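When you line the sequence shown up against this note's numbering, it's residues 570 to 870, in that order.
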Amino acid sequence: MAEADATSSSPKDFRPEVPQRCETFFLKGSNELDWGMKNRLSRIFDPASGRTVMLAVDHGYFQGPTTGLERVDLDIVPLLPWADTLMCTRGILRTSIPPTYRGGIVLRASGGPSILARDLSHEEIALSMEEAVRLDAAAVAVQVFIGGEGERKSVHNMTRLVDEGNRVGIATLAVTAVGRELTRDARYMRLATRICAELGATYVKTYYVEDGFDTVAAACPVPLVIAGGKKLPEADALRMAHRAVQDGAAGVDMGRNIFQSEDPVAMIQAVRRVVHDGTSPEEAHELFRDLARPGAPAGVR
Ligand code: R5P
């Protein structure tokens, strides 16, 4: 029956002279991934710019209700129209994020020690892949403590999630966590990010370092995003985001520098300009100040 319409009078149009398209996927190191994984990565990274503004609000998994995250429903949900991706815990996702959100979800998948613990590096896997599938996560995020007390366990947490994620097409974000005793320099970041990529992370989150970040990005064969870190003045945070993407980062996974800003709605829009349009930090800061004016319109995406 497959050719049941063979007698139909309208001719078929196979265009044999036109070769089938064979497109390269837009993210570095990701071309050989399966369709489902690529589709999920396209919910995290914007295919038009190849970059992402991930809004990180998962801090509660070890810090509880930190400043700016006391009421996710009231203070974070209004930022969602400008977030390519939301990084959060399953608890916050289920209770506070509207299921109509269309961006990618990156679910926190490791945890254990709280801010009160002597050492934060002894994490366990804290989410099953079945739950990640049920919640339609685009990726799971796991802390990796290279050089920390819990180094070995955290690396194994990551590789287990990579194996389970690859089975179902969910990406794994390795979050390089730098212990207080370690130096946050390019040498350390090259080591930590490269280990994560070598062991299978789909993409890696790291910190920006002033000196040599381009070598960190070049040495990492999968996309890198940078964490924002502690709250900085808005102009400085925009400068850091700008330098990071110019030096090869595929975007930011920013939390406190957005949700602790004096105007988070204005700040996330300014960050978007820097990340997606390559706008200068000075111009983006002007936009921030404009949008932050009392009575200014909320802006358009
Ligand atoms: C911290 O461990 C969390 O994973 C955060 O998502 C991460 O640190 C990014 O947030 P921030 O920009 O506030 O550093």
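Glycine included, C-beta positions come from ideal geometry on N, C-alpha and C. The structure displayed is predicted, hence computed values, not measured ones.
> Do you know how far the Cα of residue 687 is from the Cα of residue 717?
Replying inline: 12 Å
> Is residue 734 near residue 713, with beta carbons less than 8 Å apart?
Replying inline: no
> Starting from residue 607 and walking both ways along the alpha helix (DSSP H), at which residues does that stretch end?
Replying inline: 604–613
>> By DSSP's criteria, residue 673 is part of a beta bridge. Which residues make up the other side?
In response: 654
>> Excluding the 5 residues flanking residue 607 on each side, which residues of the same chain have their C-beta closer than 6 Å to its C-beta?
In response: 594
> Whose C-alpha, out of 779, 840, 852, 671, is nearest the C-alpha of residue 752?
Replying inline: 779
> Pick out every residue whose C-beta is nearer than 5 Å to a heavy atom of the ligand R5P: which are they, in chain order?
Replying inline: 625, 627, 796, 797, 798, 823, 824, 825
> Between the Cα of residue 768 and the Cα atoms of 820, 748, 731, 640, which residue gives the shortest distance?
Replying inline: 731
> On the premise that residue 742 lies in contact with residue 675, defined as a C-beta separation below 8 Å, what is that separation, rounded to the nearest angstrom?
Replying inline: 6 Å
> When DSSP labels each residue in this structure, what does residue 639 get in the three-state scheme?
Replying inline: coil
> Buried or exposed: where does residue 600 fall if 16 or more other Cβ atoms within 10 Å of its Cβ makes it buried?
Replying inline: exposed
> In its own chain, which residues sit with a C-beta less than 8 Å from the C-beta of residue 774, not counting the 5 before and 5 after it?
Replying inline: 710, 742, 743, 744, 745, 793, 794, 795, 796, 822
> Does the distance from the CB of residue 665 to the CB of residue 690 come in under 8 Å?
Replying inline: no
> Which partner residues does residue 820 have in the DSSP bridge list?
Replying inline: 621
> alpha helix (DSSP H) containing residue 757: first to last residue?
Replying inline: 755–767
>> Taking only three categories from DSSP, how would you classify residue 679?
In response: strand
>> Assuming the contact rule is C-beta atoms closer than 8 Å, residue 681 and residue 695 should be a hit. Round their C-beta distance to whole Å, please.
In response: 7 Å
> What residue does the alpha helix (DSSP H) around residue 728 start on, and which one ends it?
Replying inline: 720–737
> In whole angstroms, what is the alpha-carbon distance linking residue 587 and residue 580?
Replying inline: 17 Å
>> Measuring straight from C-alpha to C-alpha, what distance separates residue 637 and residue 651?
In response: 17 Å
>> Within a Cβ cutoff of 7 Å, which residues of the same chain sit near residue 818, ignoring the five residues on either side of it in sequence?
In response: 786, 793, 794, 795
> First and last residue of the alpha helix (DSSP H) that includes residue 684?
Replying inline: Looking at the DSSP string, residue 684 is not in any alpha helix (DSSP H), and its letter there is neither H nor E.
>> Looking only at its chain, what residues have a beta carbon closer than 8 Å to the beta carbon of residue 622, apart from the 5 residues adjacent to it on each side?
In response: 651, 652, 653, 654, 820, 821, 823, 837, 840, 841, 844, 845
> Can you name, in chain order, every residue of its own chain whose Cβ lies under 6 Å from the Cβ of residue 649, other than the five neighbours on each side?
Replying inline: 670
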